[in-house]
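*Asks:*
Protein chains: 2
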Amino acid sequence: MSTQNITITDVIPRDIRFPTSRDLSGSDAMNPDPDYSMVYVTLKTDDPNLCGYGMTFTIGRGNELCTAAVHSLKHFVLGKKLSDFTTDMRGFWRMITGDGQLRWVGPEKGVIHLATASIVNAVWDLYARVEGKPLWKLLADMSPDQLVSCIDFRYMTDFLTPDEAREILTKKSATRQEREARLLKTGYPAYVTSVGWLGYSDDKVRELSKEALAQGWTWFKMKVGANVQDDIRRAKIIREVIGWDNKLMMDANQVWDVPQAIDWMRQLASLKPWWIEEPTSPDDVLGHAAIAKAIAPIKVATGEQCQNRIIFKQFLQAKGLQILQADGCRLGGVNEALAVILMAAKAGIPVCPHTGGVGLSEFQRHFSFFDYIAVSGDIDSHALEYVSHLHEHFLDPVVMQKGHYMPSQKPGCSIEMYPKSVTEYEFPNGPQWKK
Amino acid sequence: MSTQNITITDVIPRDIRFPTSRDLSGSDAMNPDPDYSMVYVTLKTDDPNLCGYGMTFTIGRGNELCTAAVHSLKHFVLGKKLSDFTTDMRGFWRMITGDGQLRWVGPEKGVIHLATASIVNAVWDLYARVEGKPLWKLLADMSPDQLVSCIDFRYMTDFLTPDEAREILTKKSATRQEREARLLKTGYPAYVTSVGWLGYSDDKVRELSKEALAQGWTWFKMKVGANVQDDIRRAKIIREVIGWDNKLMMDANQVWDVPQAIDWMRQLASLKPWWIEEPTSPDDVLGHAAIAKAIAPIKVATGEQCQNRIIFKQFLQAKGLQILQADGCRLGGVNEALAVILMAAKAGIPVCPHTGGVGLSEFQRHFSFFDYIAVSGDIDSHALEYVSHLHEHFLDPVVMQKGHYMPSQKPGCSIEMYPKSVTEYEFPNGPQWKK
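Below, the structure is given as structure tokens:
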């Protein structure tokens, strides 16, 4: 009996928002008042015990547009068999991104691509459940040929061909098991962002840094970009606490123009930042390359708002980033995330997926686990962001151990939420929003 | 009495679609069945005789998302005075593109940016009506300082600073009147696309080419990219008719990867194409640069799907295009189109705005007229696409004379439609869609 013979009978997107702007956690120079939000997609099937769950992430207003876009796309999966997709994942992805009319409002970017991700991820969740594996394990058990067959190489072949992708995967095939064993034992390294939000006082920054250090964290991220003197002072406070062997990263959330980014980071260089994240517009590949060249050895990190594989390809070609922060909800779901992970491997650039938000830690850790086991084979130059809130709404929440993400063992993509949370936070009619 | 003291009392977006896919005019390799569509925005005011009209363009499905996005953005203009915006056009644009939550679903791209354009253009239409001038004349009468004050230079200053922009404008200030006089007399050169749609037979291509030549056209564009032998044969037919002194352009509508584009265009090189349009993904700046380098002296043209000034900046920095086809409905309206026109002037690259579609010829010609009078000062290396359909729905339709666009003299942006057309083609409930 092939359980992939199930049929998708309904596609239900829900606009879920958490009122995080009320306490301003997560605020930065560019995003002063985010309400962490998601389009939460449920695929119902003809098996009453089996649903698929997918998501994309936004920060509040605009989530209604992504929800509407799921309705514009849902006919691509409604009434189809899961096996229609799993036997040709590349074709599935080409179909859902290639509608002759819809692609005009992208192509492959913004609202329509965020919505695409939520549906694509729900299909993968269903697939992983049917196979009885967490997503990372489903992927890590696929052969190089199977993985390559999930990727649409359109617009990629001047940087990475299917043959080159297969070769990268094959090189690491024989040793997958060792790395899986290590992962299951000691987990995947994480870093902490909560010490240096822009709104915090110096005393609070000092206290939080001490706490995090005591908890065993070794990578610390702070927000910068509003005032350079403030940034220097706060960085000094963190360095006083964490010393010089631990890593300090900085995040500017796109506030600078290129010359300003270079100037600002030169003033912060003596604090030895490991990376500067989002120094300027996520669309500006050449701007990032100019910044990276000017401020080396400080690394440039970006990706949470990079729209698709074509932008990432150019970032790698132009050496515009040294840390690649892919987001499988901003990219068109699992298939395109695989494409980006493989391109990064070719360039020797570590992928540290974007996880700050709701549901992103739960979901994106799967990519890091897979990348370590089957693609890059490296864990030492990687760390996955950890933010401590909103995990309680998920059935398969992140589990941390000594500053490490421990692998999930439940089948699926870890996106499924408690029905009570869905009801409670649905916008605009859930009880939390009726208040 | 300042008539700018009017207040915007309502913002009404309408989803207007023309069923152009029924006869397949406008079909190409990537867009097999476009229904030329627009979000048509009406700004009502407290003066019952004064409305502003704006638009963005799409090709059918997905237009509902841009319409919804206007609702998500409309609070930025509702209840405001026109003078709130006209006294600080840069601030207006920064506000409407800078919402801390909404920018996540862009930023400045796709659905949200298309919707932004429709509102921004409606505000400019209102402004031009109040000033009693067509848009091109409103812009051409502004001082360099006024024009610079309309532009948000964020993410542009590594390529073009406000001072440099002012200098470009000042250089051409003294001679504006001569060029305006010439424009009013002989118009602005156009080119014709209707001779070489992919679906046409060889005989039809030959006949249409003969007709167009007899009508006085000198620039001809054909579609390519489905089959190279077909493309060679059809190009030869057109060359036989139009000879070698007239210009032949080719348009691939994004179908190729980079190596394929280079290979294909080398096979077509003996037909001496003037430019190849959209050889690959509109996001691939470096890919276009590689193609341009490999196939010179054939020029590369792109822009109708380029999302914002940041992408165009990089195209100019990397020499990825030699013809810039800006679209003031894909960019965030008039303000960002000005930014791109000025960057192109700095690079010495001709701007030939995208006009194939509905309403685009009416609107975008204003940018070409303004560019000629006040920015580039050049007309010989420019031509504006002309497509012959759907003009009858507009109150101020294009007027052609001997293959030239003649300047509109009516106040506004020429976007206003006949109420009957709006009612007739509104989707999904207009009579044309109820059929």
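So the sequences go chain by chain: A and B. Under our numbering, residues 1 to 435 are what the first sequence spells out, in order. Under our numbering, residues 436 to 870 are what the second sequence spells out, in order. Yeah, the Cβ is synthetic: ideal placement off N, Cα and C, and Gly gets one too. Please read all numbers here as calculations on a predicted model, not as lab measurements.
Of all the alpha helix (DSSP H) runs that stay within the bounds of the region 81-149 of chain A, which reach a length of 4 or more residues?
*Replies:* Whole alpha helix (DSSP H) segments, 4+ residues: 82-86, 89-97, 110-131, 135-140, 144-148.
*Asks:* Three-state secondary structure (DSSP) at Ile451/B?
*Replies:* In the structure shown, Ile451/B sits in a strand (DSSP, three-state: E or B).
*Asks:* Kindly provide the ranges of any alpha helix (DSSP H) runs that are 4 or more residues long and lie completely inside the region 592-623 of chain B, ordered along the chain.
*Replies:* Counting only runs of 4 or more, we get 597-606, 611-621.
*Asks:* Closer than 9 Å, Cβ to Cβ, to anything on chain B: give me those residues from the region 323-342 of chain A, in chain order.
*Replies:* Here the close residues number zero.
*Asks:* Go ahead and pull the three-state DSSP assignment for Tyr807/B.
*Replies:* It is helical.
*Asks:* Under 7 Å between beta-carbons, which chain A residues line up against Leu721/B? List them in chain order, please.
*Replies:* Correct list: Gln314, Gln317, Ala318.
*Asks:* What does Asp692/B reach in chain A if we use C-beta pairs closer than 9 Å?
*Replies:* The contacting residues are Phe153, Arg154, Tyr155, Met156, Thr157, Asp158.
*Asks:* Residues of chain A with a CB under 8 Å from the CB of Thr737/B: which are they?
*Replies:* Chain A residues near Thr737/B: none, gap ~13 Å exceeds 8 Å.
*Asks:* Look up Val41/A in the DSSP assignment and say whether it is helix, strand or coil.
*Replies:* DSSP places Val41/A in strand when its eight states are reduced to three.
*Asks:* Would you mind sorting Val833/B into buried or exposed? The rule is 16 or more other CB atoms within 10 Å of its CB.
*Replies:* Label assigned to Val833/B: buried.
*Asks:* In angstroms, rounded to a whole number, what distance separates the CA positions of Met835/B and Leu619/B?
*Replies:* Using only the alpha carbons, I get a separation of about 12 Å.
*Asks:* Decide if Met436/B is buried, meaning its Cβ has at least 16 other Cβ atoms within 10 Å, or exposed.
*Replies:* At Met436/B, the pLDDT of 39 sits below 50, so the modelled position is not reliable and the matter cannot be decided from this model.
*Asks:* Just by C-beta distance, which residues in the region 214-241 of chain A are closer than 8 Å to chain C?
*Replies:* Note that chain C does not occur in the displayed structure, where the protein chains are A and B.
*Asks:* Closest by CA to Thr280/A, which one among Ala261/A, Glu426/A, Glu64/A, Gly320/A?
*Replies:* Measuring from the Cα of Thr280/A, the nearest candidate turns out to be Ala261/A.
*Asks:* Does the beta carbon of Thr7/A come closer than 9 Å to any beta carbon on chain B?
*Replies:* Thr7/A does not count as touching chain B.
*Asks:* Can at least three beta-carbon pairs, one atom from the region 785-799 of chain B and one from the region 819-826 of chain B, be found at a separation below 8 Å?
*Replies:* Contact between the region 785-799 of chain B and the region 819-826 of chain B is present, because at least three Cβ pairs lie under 8 Å.
*Asks:* Hey, could you find the ends of the alpha helix (DSSP H) Glu207/A is sitting in?
*Replies:* Run containing Glu207/A: 202-214, per the alpha helix (DSSP H) assignment.
*Asks:* Kindly identify the DSSP beta-bridge partner or partners of Trp219/A.
*Replies:* Its beta-bridge partners are Lys247/A.
*Asks:* According to a CB-to-CB cut-off of less than 8 Å, which residues of the region 545-564 of chain B neighbour chain A?
*Replies:* Within the region 545-564 of chain B, the residues whose Cβ lies closer than 8 Å to some Cβ of chain A are Gly545, Val546, Ile547, His548, Leu549, listed in chain order.
*Asks:* Please identify, using Cβ separations under 8 Å, the residues of the region 92-106 of chain A that lie next to chain B, in order along the chain.
*Replies:* Under the 8 Å Cβ criterion, the region 92-106 of chain A contributes Asp99, Gly100, Gln101, Leu102, Arg103, Trp104, Val105, Gly106.
*Asks:* Could you name the residues of chain A that Leu500/B contacts, counting a contact when the two beta carbons are closer than 8 Å?
*Replies:* Per Cβ cutoff of 8 Å: Leu65, Ala68, Ala69, Ser72, Val105, Val111, Ile112.
*Asks:* When the distance is taken between beta carbons, is Glu304/A closer than 9 Å to Gln325/A?
*Replies:* Contact: yes.
*Asks:* Taking the beta carbon of Gly768/B as the centre, do at least 16 other beta carbons fall within 10 Å, making it buried, or is it exposed?
*Replies:* When all chains shown are included, Gly768/B counts as buried.
*Asks:* What does Ile745/B reach in chain A if we use C-beta pairs closer than 7 Å?
*Replies:* Result: Ser281, Asp283, Asp284.
*Asks:* Thinking just about the alpha-carbon of each residue, which of Asp35/A, Asp15/A, Ile12/A is nearest to the one in Asp23/A?
*Replies:* Selected option, being the one with the closest Cα: Asp35/A.
*Asks:* Chain A beta carbons: is any one of them nearer than 9 Å to that of Glu566/B?
*Replies:* Glu566/B does not count as touching chain A.
*Asks:* Secondary structure at Trp868/B, three-state DSSP: helix, strand or coil?
*Replies:* Here Trp868/B sits in helix by DSSP.
*Asks:* Roughly how many angstroms lie between the CA atoms of Lys171/A and Phe18/A, to the nearest whole one?
*Replies:* If I take the Cα positions, the gap works out to 43 Å.
*Asks:* What in chain B is Cβ-close to Thr20/A, meaning under 8 Å?
*Replies:* Under the 8 Å cutoff, chain B gives no residues; its nearest Cβ is about 11 Å from Thr20/A.
*Asks:* Quick check: what's the CA-CA separation for Arg496/B versus Arg94/A?
*Replies:* Each residue's alpha carbon lies about 17 Å from the other.
*Asks:* Just checking: is the beta-carbon of Gly865/B within a distance shorter than 9 Å of some beta-carbon in chain A?
*Replies:* Cβ-Cβ to chain A under 9 Å: no for Gly865/B.
*Asks:* Which residues in chain A have a C-beta closer than 7 Å to the C-beta of Ile494/B? List them in chain order.
*Replies:* Going along chain A in sequence order, the residues near Ile494/B (Cβ under 7 Å) are Gln101, Trp104.
*Asks:* Given that Asn436/A touches chain B, what residues does it touch there, using C-beta distances under 9 Å?
*Replies:* For residue 436/A there is no data in the structure shown, the boundaries of chain A being 1 and 435.
*Asks:* Is Asp35/A close to chain B, meaning its C-beta is less than 9 Å from at least one C-beta of that chain?
*Replies:* By this cut-off, Asp35/A is an interface position.
*Asks:* So with Cβ pairs under 9 Å, would you call Gly453/A a contact of chain B?
*Replies:* As shown, chain A starts at 1 and ends at 435. That puts residue 453/A outside it, with no answer to give.
*Asks:* Within the continuous beta strand (DSSP E) that includes Leu384/A, where are the two ends?
*Replies:* From DSSP, the beta strand (DSSP E) with Leu384/A extends over 384-386.
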